Amino acid sequence: MHFSLWEKLGFALLTATWVAFGANYVGNTIIHTEPLAESAYKIELEAAEQAPAAEVASAEESALTLLASADLGKGAKTFKKCASCHSNTDGAKHKVGPNLWDVVGRAKASAAGYKFSGALKDKGGDWSFADLDQFLASPKGFAKGTKMSFAGLKKASDRAAVLVYLQSLSKTPKPLP
Ligand code: HEC
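The end of the sequence shown is residue 178 by this note's numbering, with every number in the run present.
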């Protein structure tokens with residue numbers, strides 16, 4: 002059998018197309034689509050978290066019920082967000098914000114040698130887990146006019162972790178509520 006040059010070229014093209022399609026098909030089958038599905042889902046979740054309505058809802062969600070299962074290690078990591086403004090050891094100097102050693106159960110705005118805003122002084126009472134939860138969810142929402150310029154920890158699980166971390170900053174840690 003004799004093929005013309007054009008026929009040969011045609012076969013070559015066809016074969017190349019099939020190989021390309023085949024490889025694509027096999028590739029898609031081997032690298033199955035689960036990782037993609039997973040990240041698409043995560044993006045959806047993140048988008049939901051960024052939605053103002055969802056933010057308000059999760060900020061209103063209490064971290065208190067999560068305290069018993071909260072992870073101290075995660076709290077220590079999350080505290081890095083606070084550490085630029087807060088020291089965390091006994092007798093350490095205040096930074097932009099007051100030293101947080103033994104803050105759980107302490108009277109609000111009472112750390113010696115730190116100049117608190119009137120907003121926080123006016124709140125009164127001790128730092129209970131419940132008050133800390135609300136303050137950390139939205140500092141300005143809890144104490145309008147506070148000079149803590151921090152947006153807040155929107156996720157209840159993050160706040161629960163930080164709360165057990167704050168609890169650990171004491172020689173005599175206060176019991177969980
Ligand atoms: C940008 C700096 C900044 C960051 C970040 C920050 N804080 Fe503060 N924080 C402050 C300032 C300033 C005050 C004093 C507020 C006032 O007087 O109104 C404060 C006050 C507080 C108080 C009250 C202490 C007391 O003795 O009454 C607590 C508790 C606290 N912060 C916890 C945290 C935690 C936990 C984080 C991290 C999740 C954090 N802060 C992040 C600046 C910061």
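Yeah, the Cβ is synthetic: ideal placement off N, Cα and C, and Gly gets one too.
Every value quoted in this text rests on a predicted model; they were computed, and no experiment measured them.
Practice problem: Quick one: grab the DSSP three-state call for Ala-108. | Solution: Strand.
Quiz item: Which same chain residues, not among the five before or five after Val-165, have their C-beta less than 7 Å away from its C-beta?
Solution: The residues are Leu-68, Ala-71, Leu-73, Gly-76.
Quiz item: According to DSSP, what are the bridge partners of Asp-91?
Solution: None; Asp-91 has no bridge partner.
Exercise. Taking 8 Å as the threshold, find out whether the region 160-174 comes into contact with the region 90-105 through three or more Cβ pairs.
Key: Because the criterion of three Cβ pairs below 8 Å is met, the region 160-174 and the region 90-105 touch.
Quiz item: Would the beta-carbon of Thr-90 be found less than 7 Å away from any heavy atom of the ligand HEC?
Solution: Taking 7 Å as the cut-off, the C-beta of Thr-90 does not count as close to any heavy atom of the ligand HEC.
Self-check item: Supposed contact pair Asp-159 and Leu-66 - C-beta distance, whole angstroms, cut 8 Å
Solution: According to the sequence provided, residue 66 is Thr. The question's Leu does not apply to it. At roughly 14 Å, the Cβ-Cβ gap does not stay under 8 Å, so Thr-66 and Asp-159 are not in contact.
Quiz item: Which of helix, strand or coil does DSSP assign to Lys-145?
Solution: Coil, per DSSP.
Exercise. Please list, in chain order, all residues of the same chain as Thr-143 whose beta carbon is under 7 Å from its beta carbon, the five residues on each side excluded.
Key: Note that residue 143 is Phe in the sequence shown here, rather than Thr. For Phe-143, where only same-chain residues beyond five positions count, the Cβ hits under 7 Å are Gln-135, Phe-136.
Quiz item: By Cβ distance below 6 Å, which residues in the same chain neighbour Leu-177 in space, the five residues on each side in sequence not counted?
Solution: Annotation for Leu-177: Leu-68 place their beta carbon closer than 6 Å to its own, counting only its chain and skipping 5 residues before and after.
Exercise. Check whether the Cβ atoms of Gly-92 and Lys-109 sit closer than 8 Å, and answer yes or no.
Key: Taking 8 Å as the Cβ cut-off, Gly-92 and Lys-109 do not qualify as a contacting pair.
Quiz item: Which one of Lys-94, Leu-154, Trp-128 has the shortest CA to CA distance from Lys-116?
Solution: For Lys-116, the nearest C-alpha among the options comes from Lys-94.
Exercise. Reducing DSSP to helix, strand and coil, say where Asp-103 ends up.
Key: Correct three-state label for Asp-103: coil.
Quiz item: By DSSP, does Asp-127 sit in helix, in strand, or in coil?
Solution: Shown here, Asp-127 sits in a strand according to DSSP, grouped into three states.
Quiz item: With a Cβ-Cβ cutoff of 8 Å, do Thr-147 and Ser-111 count as a contact?
Solution: Not a contact, by the Cβ cut-off of 8 Å.
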